[in-house]
Every structure is written in structure tokens, then in C-alpha cells.
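Engineer:
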Amino acid sequence: MRPVWLRGQGGFTLVELMVAMSIFLLILVGIFQVFDPSRNAYQVSERKLGVQQNARVAMDRMSRQIRMAGYFPENIDADNTNDLSNSIQVATESALSISGDLDMTGASSAYTFCLDNTGLRRVRGTIGTGASYICANGDLMAESVTALRFAYFDSANNPVPNPPPSTYNLDAQGLGGAPNFASVTERSAVRRIVITVTARENVPNQPAQTYTLASDVRLRNP
30 MRPVWLRGQG GFTLVELMVA MSIFLLILVG IFQVFDPSRN AYQVSERKLG
80 VQQNARVAMD RMSRQIRMAG YFPENIDADN TNDLSNSIQV ATESALSISG
130 DLDMTGASSA YTFCLDNTGL RRVRGTIGTG ASYICANGDL MAESVTALRF
180 AYFDSANNPV PNPPPSTYNL DAQGLGGAPN FASVTERSAV RRIVITVTAR
230 ENVPNQPAQT YTLASDVRLR NP
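In the numbering used here, each residue's number is its place in the sequence shown (first place is 1) plus 29.
Spelled out as C-alpha cells, the structure:
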């Protein structure tokens, strides 16, 4: 009996398969090399924008609330026994505590804006209670903030104190406990506050970048 040869029985040899797989792998590597830098660039840009946006939102919120310092709804009712004063509670080159109804709740509180190793924080608490002036008790407003600076000016735009040293506490009052108001000469003179926030962006395999924002706030209720 003669053998019957069927068409289509031919196939790829092992060598041909290996060559085809090698070509396919080279194509995949090429595609990866094209798209991986784009993906990394997108992640870096996204991180940068996130850091900048968080810092801007925190600065905007902080500026709006500081501008409202000294708004005491208790002072505009018929009861004079609950009147409040001392809108600026603590003022240093790197932290600020103010009082008033900054959240528009109908009642005044103490608000402290400060920086610790986790970022920019805001403490809200009872006026005159020590815990209201401790940075660790605050809520985080923005991460990646590495510097916070306040500069104070009087109604004639003279710095307070004048000249300002590198570090200072107005009227010798700092954070860590309830302030006293035996002397308010410096704090009561403040009419304008310039805020500077510096944020740092860290991305793996990329040089760190810093972003500095500034806001000039004039107090509405000095």
C-alpha cells in the first residue's frame, strides 16, 4: 500500500518558534521602553501638582480664617459679660494663634496654625485652654510643607517687632500653653500679616523640588 500524503501537515520547527518568540519579546521590550518613561513622567507630574494644590488649598483656607481674626459674635449681643478681646493670642515667626468665630459657627474659639514634622496643622479649641496652643493637637491641613513663616506689620506697615530678629515671640508669648495678656503692646499693634509657606515634593529617582507661596492678609477686625 502506498503511503498517503496529506496537505497541510507542515509546521514550525523548534528553531523557527524560538526565532518568532525572540522577535515578539523584542517588540514587547520596545513597547515597554516607549511607554514606561511616559508613565513615570505622568506620575511625577501628578505628584508635583498634588503637592502644589494641597499647599494652595491650605494657604487659601488659612488666609481667609486669619483675616477674620477678632470677629467675636459674643460682642454684638445684649450680654456684655461674655465679651471677648485679644484677637491675636500668640504670634511667633513660625506659628500663629488667633481667636474669633472663624468657622462661622456662632461661637468664638482659639485657632493655632503651626508646623510639625508631619506638615501644616490647625488646632481649634477653647480660648485660654492650654491644649488649644499645642501643635500636636491639630488637624493636618497639608502634607509636604517644610516651612511656615509669619511676618507682622502695624497700621503704618512697620514690622512688629521692629526690626524683627530671626526668631521672636510677640509680647514674649509662645506655643505650648495658654498665653497671658499682661502686656499686649506688640500683639495689639498688628494690622497686617504676611504668610509664607514652602512645600517640598519628593519623587523617587527625581531631584526634590520646592514651591513657595505667599499671602498678604489685612485683618478686618483688629
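Yeah, the Cβ is synthetic: ideal placement off N, Cα and C, and Gly gets one too.
Starting from Q82, follow its DSSP beta bridges and name the residues at the other end.
Structural biologist: Answer is none; Q82 lacks a bridge partner.
Engineer: Find the nearest neighbour of C164 within the set S123, S217, S212 and N187, judged by alpha-carbon distance.
Structural biologist: S123
Engineer: Grab me the residues of I127's own chain with a C-beta within less than 7 Å of its C-beta, minus the 5 sequence neighbours each way, in chain order.
Structural biologist: Within the same chain, I127 has close Cβ partners I95, A98, S116, I117, Q118 and Y140.
Engineer: N134 by DSSP, collapsed to three states: which one?
Structural biologist: First, the amino acid is wrong: residue 134 is Thr here, not Asn. Coil, per DSSP.
Engineer: Between R216, D168, T158 and I222, which has its C-alpha nearest T147's C-alpha?
Structural biologist: D168
Engineer: Helix, strand or coil: how does DSSP classify D106 here?
Structural biologist: coil
Engineer: Can you give the Cα-Cα distance for G129 and P188, rounded to whole angstroms?
Structural biologist: 24 Å
Engineer: Should L204 be labelled buried (16 or more other beta-carbon atoms within 10 Å of its own) or exposed?
Structural biologist: By the C-beta density criterion, L204 is buried, having at least 16 other C-beta atoms within 10 angstroms.
Engineer: Sorted by chain position, which residues of the same chain lie with C-beta nearer than 8 Å to V219's C-beta, five sequence neighbours on each side aside?
Structural biologist: I117, A120, Y181, F182, D183, V189, L199, L248 and P251
Engineer: How about V174 and A228: do their beta carbons lie closer than 7 Å?
Structural biologist: yes
Engineer: Is the distance from the Cβ of A243 to the Cβ of M170 below 7 Å?
Structural biologist: no
Engineer: Beta-carbon within less than 7 Å of G159's beta-carbon, same chain only, minus the 5 sequence neighbours each way: which residues are those?
Structural biologist: G206 and A207
Engineer: Quick one: which unbroken beta strand (DSSP E) runs of 3-plus residues sit fully inside the segment 126-213? Chain order, please.
Structural biologist: 138-145, 148-154, 168-171 and 174-182
Engineer: Is the beta carbon of L125 closer than 7 Å to that of F142?
Structural biologist: yes
Engineer: Answer yes or no: do S138 and R153 have a C-beta to C-beta separation smaller than 7 Å?
Structural biologist: yes
Engineer: Who are the near neighbours of D245 in its chain, counting only those whose CB is closer than 6 Å to its CB and skipping five residues on each side?
Structural biologist: V223
Engineer: From the DSSP secondary-structure annotation, give me the bridge partner or partners of Q238.
Structural biologist: E230
Engineer: In this structure, does DSSP put R247 in helix, strand or coil?
Structural biologist: strand
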